[in-house]
Amino acid sequence: MYKVLVVEDEPPILRGICNAIKQVNPNFEITSTAYNGQDAVELLKKSSYDLVITDINMPINDGFYILEYITKNCPSTISVILTGYQEFDYAKKAIQYKVYDYLVKPINKQVLEKLLNSIDNHLKTQKRENKREKLISSVHTNTYIDKVNEALGENCYMFLLCAGSFPVTGYDSMTPGSSIWKTYNLESISKNIINENFSWIINGKTPSEQIIILAGNSKTCNTFSKSLFNMVSQQKIPITIVVSEQINNYSQIYPTHNLLRDFMYQNIIFGKSSLLFFKNPKNTKSNNNIFDEQKLNISLNYNSVTKTRTAVSNIIKSFNNKHITQQDLKNNLRKILYLINSSSKDNTINIESSLNEVIVNSFNYDSLLEGMDVLIKNCYNKTAIYSSDKKILVEDIKKYIDNHLSETISNQILSKIFGLVPSYISTIFKSHTDTILSEYIINKRIEKAKKLLLSDTNLLAKDVAKLVGYNDPLYFSKVFKKRTGIYPSKYKNKQY
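Counting from 1, one number per residue, gives the positions in the sequence shown under the UniProt record's numbering.
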């Protein structure tokens with residue numbers, strides 16, 4: 001129900017308006033009435049209203065007095081003015097106070113109904129957006145952590161979705177999983193399952209992650225979970241969903257998000273889509289030794305890169321049938337690499353960071369094998385790139401990026417051009433620049449966008465977006481705003 005304040009100095013007209021509102025739209029409740037501007041403002045000081053319908057020409061303080069107060073103190077309150085046929089000058093003046101619309105006396109019920117329906121839709125959108133902003137703030141900061149009594153208004157559940165491997169290397173917009181959410185319309189999928197007013201889509205902590213906040217009971221949650229998983233699990237890249245327990249307050253959102261991320265990190269199955277419920281976690285035991293170490297050591301005794309690659313390939317293929325977690329996979333691969341590294345006479349590999357890059361940039365066992373193959377060769381120093389060569393490679397990568405900013409640039413594309421697996425390119429670039437490859441590309445694109453916006457007045461923001469490699473103008477605007485603190489259109493107009 002929306003709270004309504006009606007202000008009119010003539011009692012018969014006031015009663016008529018109130019009765020008409022009740023008849024045409026039951027979503028609006030007349031909670032207060034006043035006969036002049038002074039009384040109306042006193043009511044506004046004590047209570048909040050969704051809608052104020054006010055006459056203009058009244059004694060003591062007129063309607064403009066009310067509109068001025070609303071403009072300064074009640075930005076979310078909608079105002080509608082009442083006017084007679086001879087009072088249109090008042091209506092023109094009211095525009096400066098951003099009134100929503102006006103009603104001509106005597107009130108026509110059909111006109112009133114149409115107006116209230118419009119306001120109803122506007123308020124629903126406004127309240128939904130306000131709630132979304134609040135949810136975003138609650139997810140990514142502890143803004144509401146102390147407001148334990150601030151209820152969500154309904155029972156909610158949090159869904160954490162991760163495309164591909166869990167991003168242990170931090171924020172990287174070039175991982176295989178991050179590309180999914182740029183093309184896969186999660187909001188549209190959610191709408192197909194449940195009314196849009198009952199779910200909110202929020203960007204996760206990294207580009208590989210998305211969050212859905214769902215309003216409803218446990219039955220709604222279970223139905224939504226199964227339908228969502230059936231849809232997203234059809235993707236080429238595996239998607240993991242973790243569902244929270246029931247949330248009632250904003251203060252629960254931030255810690256719940258952290259709990260779900262920790263739970264996903266421990267339980268995500270590598271290379272497989274899965275649906276996990278936090279309220280009923282499986283007691284999975286860590287399995288840090290699921291390969292035959294003796295067999296591997298026999299292969300290592302030959303000091304042959306070919307025999308070692310074959311042995312490791314067989315081990316990794318056996319993992320595929322065991323549905324092991326990303327954590328167990330990493331622990332076993334780390335052990336394998338340490339065994340190889342210690343047996344080889346000359347090596348240059350940083351096992352921990354290199355292994356993290358390989359896993360994060362792999363979404364199935366085939367891509368994992370490619371990455372591990374390079375690491376094994378590097379352990380034997382067969383294809384290792386020495387420091388001087390790495391510097392040249394990084395400079396070549398930079399030149400390519402600078403000359404192709406308008407095109408799609410990904411780890412996969414760079415790997416084909418420079419003949420290395422995606423994970424190894426990322427590792428080399430980061431080690432020689434102290435910058436994540438994806439961050440370098442974004443920074444270069446924004447730098448070029450700023451120059452284009454200021455140098456060519458005929459270019460629109462959407463045109464600039466395409467020239468710097470963003471096919472979606474809205475996404476470009478968000479990235480630009482995040483990097484510069486201002487939207488592209490304002491940057492262009494204000495000539496920063």
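Backbone N, C-alpha and C define an ideal beta-carbon position, used for all residues, glycine too.
Here Tyr475 is exposed. Its C-beta has fewer than 16 other C-beta atoms within 10 Å.
The residues Leu275, in chain order, have a CB closer than 8 angstroms to that of Lys226 in the same chain once the five nearest residues on each side in sequence are set aside. In the DSSP assignment, Thr310 falls within the alpha helix (DSSP H) that extends over Val305 to Asn320. Phe277 sits in a strand when the DSSP states are folded into three classes. In this chain, the alpha helix (DSSP H) harbouring Thr223 covers Ser218 to Val232. The alpha helix (DSSP H) runs of length 4 or more contained entirely in the region 108–185 are, from start to end of the chain, 109–140 and 176–183. Counting along the chain, no alpha helix (DSSP H) covers Gln210; the unbroken beta strand (DSSP E) around it starts and ends at Glu209 to Ala215.
In the DSSP assignment, Lys3 falls within the beta strand (DSSP E) that extends over Tyr2 to Val7. Boundaries of the beta strand (DSSP E) around Phe28: Phe28 to Ala34. For Ser199, the enclosing beta strand (DSSP E) stretches over residues Ser199 to Asn203.
Pairing His323 with Lys390 gives a Cβ-Cβ distance that is not under 8 angstroms. Note: Asp101 is bridge-paired with Val80 in the DSSP secondary-structure output. A direct Cα-to-Cα measurement between Lys466 and Ile239 gives close to 29 angstroms. When secondary structure is reduced to three states using DSSP, Thr435 falls in the coil class, being assigned neither helix nor strand. Residue pairing for Asn248: DSSP places it in no beta bridge. Pairing Phe277 with Tyr265, the inter-Cα distance amounts to about 14 angstroms. In the DSSP assignment, the residues bridged to Ile269 are Thr325. CA-to-CA, the gap between Tyr424 and Tyr302 works out to about 26 angstroms. Following the DSSP letters along the chain, one finds Ile241 inside the beta strand (DSSP E) bounded by residues Ile239 to Val243. Three or more Cβ pairs closer than 8 angstroms define a contact, and the region 127–146 falls short of that threshold against the region 102–114. No Cβ-Cβ contact shorter than 8 angstroms links Ile201 with Leu228. At the C-beta level, Leu369 and Ile351 stay beyond 8 angstroms of one another. In this structure the region 160–167 touches the region 197–212; the number of beta carbon pairs closer than 8 angstroms is three or more.
Taking C-beta separations shorter than 7 angstroms and ignoring five residues to either side along the sequence, the partners of Lys462 in its chain run Pro473, following chain order. Annotated as proximal: Asp50 and Thr77, with beta-carbon spacing under 8 angstroms. Two segments are said to touch when three or more pairs of C-beta atoms, one from each, lie closer than 8 angstroms; by this definition the region 257–264 does not touch the region 352–362.
Annotated as proximal: Leu339 and Leu300, with beta-carbon spacing under 8 angstroms. Beyond the five residues adjoining it in sequence on each side, Lys182 comes within less than 8 angstroms, by CB distance, of Asp472 and Tyr475 in the same chain, given in chain order. Between the C-alpha atoms of Ile21 and Leu123 there is a straight-line separation of about 16 angstroms. One Cα belongs to Thr169, the other to Val360, and the distance between them is close to 7 angstroms. Here Arg445 is buried, its C-beta having at least 16 other C-beta atoms within 10 Å. Residue pairing by DSSP places Val52 opposite Leu5 and Ser79 in a beta bridge. Rounded to the nearest angstrom, the gap between the Cα atoms of Leu460 and Leu454 is 11 angstroms. Rounded to the nearest angstrom, the gap between the Cα atoms of Asn314 and Thr308 is 10 angstroms.
Taking every protein chain shown into account, the CB of Asn332 has 16 or more other CB atoms within 10 angstroms, so this residue is buried. In its chain, beyond the 5 residues on either side, Ile401 and Ile409 have a beta carbon closer than 7 angstroms to the beta carbon of Ile441.
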